[in-house]
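A.B. asks:
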Amino acid sequence: MRCHPPPPPTPLWNYVDPQGNTRGPFPLTWLFRWSGFFDKDFKVWRAAETAEQTILLTDALFMYL
């Protein structure tokens, strides 16, 4: 019987809501489902990083999904 290694963990992402509250972490697939509610310039960052390392949600979706 062959054991396969577990898949790598899914990166989790944070964002700041319109009221200025940090939200998350969430899987990128959830943010994809919600993307119609966000502006085109909506920014996110990986939970393991800082809020200063934001990227556009559209870029995150393109790179990681």
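The numbers in the UniProt record's numbering rise by one with no breaks, and the one at position 56 of the sequence shown is 56.
Just so it is clear, CB atoms sit at the ideal spot from N, CA and C, and this is done for glycine as well.
1) Where does Thr54 land, buried or exposed, given buried means 16+ other C-beta within 10 angstroms?
2) Would you tell me roughly how many angstroms separate the C-alpha atoms of Asp41 and Cys3, rounded to the nearest one?
3) Along the alpha helix (DSSP H) that carries Leu31, what are the first and last residues, could you check?
4) Taking all protein chains shown into account, decide if Tyr64 is buried (16 or more other Cβ within 10 angstroms of its Cβ) or exposed.
5) Provide the residue(s) that pair with Tyr15 in DSSP beta bridges, ordered along the chain.
C.D. replies: For this structure:
1) buried
2) 43 Å
3) Leu28 to Trp34
4) exposed
5) Arg23 and Val44
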